[in-house]
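Listed in order, the protein sequences are those of chains X and P.
In this text, residue positions in the first sequence follow the numbering used here: the first is 24, and each later residue adds one.
In this text, residue positions in the second sequence follow the numbering used here: the first is 24, and each later residue adds one.
Note that CB positions come from ideal geometry on N, CA and C, so glycine has one too.
What you are looking at is a predicted structure, and each value in this text was computed from that prediction instead of being measured.
There are 2 protein chains.
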Amino acid sequence: MRIEILNTGTELLLGTTLNSHGAWLGKELLNLGLRVAKQTTVPDGMPVVEAMKESVERADVLIVTGGLGPTSDDLTREATAEAMGVELIEDEHALRCVVEFFERLGKPMADSNKKQALIPCGAEVLPNPNGTAPGVYVPPRLGKSSPCAVFLLPGPPNELYPMYRAEVPHRLRALAEIADDHRMLELRFTGVGESSFHERLDANLHSMAGLEVGYCARPSEVDLRLIGSSAVVAQARDFALSEYPEHLISENGSSIEEVVVQLLADQGKKLSTAESCTGGRISSRITDVSGASAVFTHGFVTYSNEAKQELLGVGAEILEEFGAVSEEVATAMAEGALRASKADIAVAVTGIAGPTGGSAEKPVGTVWLGFAAKGDNAYAIEQFWPRDRESFKACVSQKALDMVRRYLLFGA
Amino acid sequence: MRIEILNTGTELLLGTTLNSHGAWLGKELLNLGLRVAKQTTVPDGMPVVEAMKESVERADVLIVTGGLGPTSDDLTREATAEAMGVELIEDEHALRCVVEFFERLGKPMADSNKKQALIPCGAEVLPNPNGTAPGVYVPPRLGKSSPCAVFLLPGPPNELYPMYRAEVPHRLRALAEIADDHRMLELRFTGVGESSFHERLDANLHSMAGLEVGYCARPSEVDLRLIGSSAVVAQARDFALSEYPEHLISENGSSIEEVVVQLLADQGKKLSTAESCTGGRISSRITDVSGASAVFTHGFVTYSNEAKQELLGVGAEILEEFGAVSEEVATAMAEGALRASKADIAVAVTGIAGPTGGSAEKPVGTVWLGFAAKGDNAYAIEQFWPRDRESFKACVSQKALDMVRRYLLFGA
Numbered sequence: 024m025r026i027e028i029l030n031t032g033t034e035l036l037l038g039t040t041l042n043s044h045g046a047w048l049g050k051e052l053l054n055l056g057l058r059v060a061k062q063t064t065v066p067d068g069m070p071v072v073e074a075m076k077e078s079v080e081r082a083d084v085l086i087v088t089g090g091l092g093p094t095s096d097d098l099t100r101e102a103t104a105e106a107m108g109v110e111l112i113e114d115e116h117a118l119r120c121v122v123e124f125f126e127r128l129g130k131p132m133a134d135s136n137k138k139q140a141l142i143p144c145g146a147e148v149l150p151n152p153n154g155t156a157p158g159v160y161v162p163p164r165l166g167k168s169s170p171c172a173v174f175l176l177p178g179p180p181n182e183l184y185p186m187y188r189a190e191v192p193h194r195l196r197a198l199a200e201i202a203d204d205h206r207m208l209e210l211r212f213t214g215v216g217e218s219s220f221h222e223r224l225d226a227n228l229h230s231m232a233g234l235e236v237g238y239c240a241r242p243s244e245v246d247l248r249l250i251g252s253s254a255v256v257a258q259a260r261d262f263a264l265s266e267y268p269e270h271l272i273s274e275n276g277s278s279i280e281e282v283v284v285q286l287l288a289d290q291g292k293k294l295s296t297a298e299s300c301t302g303g304r305i306s307s308r309i310t311d312v313s314g315a316s317a318v319f320t321h322g323f324v325t326y327s328n329e330a331k332q333e334l335l336g337v338g339a340e341i342l343e344e345f346g347a348v349s350e351e352v353a354t355a356m357a358e359g360a361l362r363a364s365k366a367d368i369a370v371a372v373t374g375i376a377g378p379t380g381g382s383a384e385k386p387v388g389t390v391w392l393g394f395a396a397k398g399d400n401a402y403a404i405e406q407f408w409p410r411d412r413e414s415f416k417a418c419v420s421q422k423a424l425d426m427v428r429r430y431l432l433f434g435a
Numbered sequence: 024m025r026i027e028i029l030n031t032g033t034e035l036l037l038g039t040t041l042n043s044h045g046a047w048l049g050k051e052l053l054n055l056g057l058r059v060a061k062q063t064t065v066p067d068g069m070p071v072v073e074a075m076k077e078s079v080e081r082a083d084v085l086i087v088t089g090g091l092g093p094t095s096d097d098l099t100r101e102a103t104a105e106a107m108g109v110e111l112i113e114d115e116h117a118l119r120c121v122v123e124f125f126e127r128l129g130k131p132m133a134d135s136n137k138k139q140a141l142i143p144c145g146a147e148v149l150p151n152p153n154g155t156a157p158g159v160y161v162p163p164r165l166g167k168s169s170p171c172a173v174f175l176l177p178g179p180p181n182e183l184y185p186m187y188r189a190e191v192p193h194r195l196r197a198l199a200e201i202a203d204d205h206r207m208l209e210l211r212f213t214g215v216g217e218s219s220f221h222e223r224l225d226a227n228l229h230s231m232a233g234l235e236v237g238y239c240a241r242p243s244e245v246d247l248r249l250i251g252s253s254a255v256v257a258q259a260r261d262f263a264l265s266e267y268p269e270h271l272i273s274e275n276g277s278s279i280e281e282v283v284v285q286l287l288a289d290q291g292k293k294l295s296t297a298e299s300c301t302g303g304r305i306s307s308r309i310t311d312v313s314g315a316s317a318v319f320t321h322g323f324v325t326y327s328n329e330a331k332q333e334l335l336g337v338g339a340e341i342l343e344e345f346g347a348v349s350e351e352v353a354t355a356m357a358e359g360a361l362r363a364s365k366a367d368i369a370v371a372v373t374g375i376a377g378p379t380g381g382s383a384e385k386p387v388g389t390v391w392l393g394f395a396a397k398g399d400n401a402y403a404i405e406q407f408w409p410r411d412r413e414s415f416k417a418c419v420s421q422k423a424l425d426m427v428r429r430y431l432l433f434g435a
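Put into C-alpha cells, the structure is as follows:
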C-alpha cells in the first residue's frame, strides 16, 4: 500500500514554521507497520490542486494536512474535489459540526466558516472537537478520476493529533492487510567511523533476506536502523553487536548522557568535570538528564591557565613546560577535579576549538582528554577533530562521556 | 524562478529524524528574496531518481540534500545523472577532496569512499571542509533531458550549512535577477512575549504598503522578519525599535551570546558564571563564540549545596535558612563567582528545572538569577518558566545573558 503525505502551508516553506507533521505522521504510521513513500510540502492556494493531482495518481492513500480553514487560500477541499473528480456539496453533518463548535465557544459564527461545511459528495465527515474545521475521509474508489483514498486533516497540531488518532488508524488497518510481525530497532553506536562501520557490516546485513538497513550519522555517533521480521532483526542485531560490542550506546534511542547518568546512579558513583575547550558543554549535557543531581555535584570551567591553577591545582610549571593543551595538563586537570569535588570519577578536556589559536605543532582540532578515578591511575588520550567549532565541541563532549561510559561498563 | 527542494533520507519519513533542512533552506532562500515552490521528502534509494525526474521537469533550480555518502543507499549522484541525462565520471578534484579529508584526519580511506568522487560530467565540485562528501553544482542547460540547475548538498547539518553558505547564494544570485531594492531584515528581540509583541506591532506594520511581515518565536526570543523595499523596511524597523528599544539583540542574526562576548571585548571586561540548574549551559553558550577566551576565564557549575559552599563561599546558614533556590543564595553565588574569578561581572542561576524537585512554595520552573559587578551592589531577580527541561535551560540561560547585555549597554 503506497502512502503519501501532503503538507500544505506557505509558512512551512518560508522556514518560519518547522514541518513536524511529516515526522509525526511517519512515526504514527510506522506504529501500524506502514511506511510513507513520499512527503510533499506546498504553499497554500493553487499549488495544492496540482500536488494533489500528482499524488492521487500514484498513491493508494493520501494524507493531507492543512488548508481546511475558512479563508480564501484554504483550498484543500476544492483541490480534493477537482483531483478526485467528485462534486463539492454543503454537508449537513459538517455544517452542524461547525455551528456547534461556535456555540460551545459562545461566539458568533462568521459567514466564511460556512465554507468549511463543503465536502466532496459521498465522503465522510471527521468531527473536530478542537477547532472549526471538520476533517474529511474520501474512501477508495469514490473518486471518478482516481481510486485513491484521501484523508483531509487540519493543520494545527492540537486539532490534527486527536483527529488522526480517533479517525485514521482503524480505517488504514481496514485498507491495508497489516502484517503482525514487523519490527524496527535502532542501535546507537559511538566511536566508530561511518564508512568503516558500514564496510564491516553492510555485506553481511544485506545478505539477510527481508531486512531493511539504514544508517544515520551525527558527530561521533551513528544510528543503525534495522527493519523487518522479529527474527531477522534479532539476527542482524546480534551480528552488529558481535562486531562492535563496546561501541553500543543504546537500543532504545537513549543518548549517551542518559546512559552515563543511569550507569553512575546504578553504581552509586559521582562524576565531576573539568572543561577548557568545551566550556561547560559536558556538564550541560549531563544536567540535561533529569535526576543528574544524584550523580553530579561539581563542574569546573577553566578556560584560562589561571583558572586551571586556582580551581584545579594544575602546577604552573607543567603549564609552562608542556602548554595548556597537553597530556600532562589534561591528566592534572582530571586529578584536580577529582580532588576538589570528592567525586569518584573525573573527566577533563583541554584543546584548540579554533578557528584561531592553532600552531604547526598543535593545530586547530587538537584535544587532550584526561581521566581520573578513585584508586586508579589517571591518564589522558589525544584526539584530533579539525572541524567547525560546534562539531568540535560535540565530538569532544561525546568522547569524554564515552570514556566515562566505558570505565563504568568495562573498567577501562 | 521556480525553486524546489528535495530532501532525501529514509529516517525523515520514519519520523525518527525531524526534517529541519526544508525550513532552514526556506529561510536562507528568503534572505535572497527567493521562495520555495515545493518541498519533497523521499526515502533513500530508487525513489530519489523518480522524484528528481519529476522535479527537474518543473523547476528552474532544484536543491537536493542527502544521499552523498559512501553507502549503497546513497544514490543522489546516480539519480542526478539519470534525471539530467548526463554521464557520471570520476572527478579528479572531487577525489582529491575526499582523499585530503582523510589525510587531515590521519585516517585510512575506505574503498567505498571512492564512490563519492563520481560527478555528473561537466558539473562543478563543491568542497566540503567538514565531511567526506563533496557537493555538486550542475549548471543550467548542462543536462540533456532538462535545463534545470541542480545543487547536491550533504545531509548532515554541520556539512550542509557551511557548504550552502559558501557555494549556493552567489550562484543563485547570478541565476535569478534579484531585484536590487529588495531587502530582508531580521530583528531579533529577547524578553518580549510573542502575542503582546505581535499585538503592539501588527496593525501598524500591516498598514505599511508593500511590507511583508513574519514572526519566528523561540524560547525567550522572537525574530521579526521584514521584507520589502529598503524604504519600507527602514520605516518598519524604526517603528519596531521605538516600541521595543531595549529588547533588540541584533539586526544581523547574531545570537545574544555573540553580542555579549563582543560587548565585553569592546569594554575590556571579563565575565564569570555560577550555574546550578543550567549545569554549564550559560558558559557553554558563551564559549560557542570564537574569541570567548578574551572575556571568559572561570565558570562554576555548582549543582549541589556543598559545591555552592566550597567553590563560591555561599554560607551554610543562608542555604539552610532560605534554601538553594532563593534570592539570598543567587546573590551570594554571583558575589562568590566574582570574588573567585576576579572577573568584572558575574551572573548566577539557581532554580528547579523539573520534572521533579518542585514544592508548593517553589514549584518546578522557579528560578532566581543573581548578578554582581565590581563597584555595584549585587542583586537577584525571580523568574518562572514551568516548561520542559530543555526549554527551561534555554530560557534561564537567555535571561542570564540578557542581564549581562543590559548591564553593558544600559548600566542596569
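For residue i: DSSP bridge partner residues
i	result
Ala369(P)	Ser295(P) and Ala395(P)
Ile28(P)	Gln62(P) and Ile86(P)
Ile112(X)	Ile142(X)
Leu249(P)	Leu208(P) and Val236(P)
Phe220(X)	BP columns for Phe220(X) are empty, so no partner.
Ala403(P)	Gly393(P)
Glu244(X)	Thr213(X) and Arg241(X)
Beta-carbon gap between residue i and residue j smaller than 8 Å
i	j	result
Ala297(P)	Ala226(P)	no
Glu110(P)	Leu210(P)	no
Arg428(P)	Val283(P)	yes
Thr320(P)	Ala330(X)	yes
Ala353(P)	Ala403(P)	yes
Pro177(X)	Asn136(X)	no
Ile112(P)	Phe174(P)	no
Arg304(X)	Ser420(X)	yes
Ala133(P)	Pro93(P)	yes
Ala199(P)	Met24(P)	yes
Val59(X)	Thr31(X)	no
Ala146(X)	Val122(X)	no
Val348(X)	Lys385(X)	yes
Ile26(X)	Leu57(X)	yes
Val215(P)	Leu228(P)	no
DSSP-derived helix/strand/coil call for residue i
i	result
Cys171(P)	coil
Gly374(P)	strand
Glu51(P)	helix
Glu384(P)	coil
Leu228(P)	helix
Gly45(P)	helix
Terminal residues of the alpha helix (DSSP H) in which residue i lies
i	result
Glu413(X)	Arg412 to Phe433
Ala315(P)	Where Ala315(P) is concerned, there is no enclosing alpha helix (DSSP H), given that its DSSP letter is neither H nor E.
Ser306(X)	Arg304 to Ile309
Ala197(X)	Pro192 to Leu198
Leu36(X)	Thr33 to Leu37
First and last residue of the uninterrupted beta strand (DSSP E) at residue i
i	result
Leu208(X)	Arg206 to Thr213
Gly322(X)	Phe319 to Thr325
As an exercise, report each continuous beta strand (DSSP E) stretch of at least 3 residues that is fully enclosed by the stretch 255-286 of chain X, in chain order. You should have 271-273.
3 or more residues per run - each beta strand (DSSP E) lying fully within the stretch 327-367 of chain X: For the stretch 327-367 of chain X, not a single whole beta strand (DSSP E) run of length 3 or above is found.
Minimum length 4: unbroken alpha helix (DSSP H) runs contained in the stretch 114-190 of chain P: Listed in chain order, they are 115-128 and 180-190.
Restricting to runs no shorter than 4 residues, where is the alpha helix (DSSP H) found entirely within the stretch 66-108 of chain X? Taken in chain order, the complete alpha helix (DSSP H) segments of 4 residues or longer contained in the stretch 66-108 of chain X are 70-81 and 99-107.
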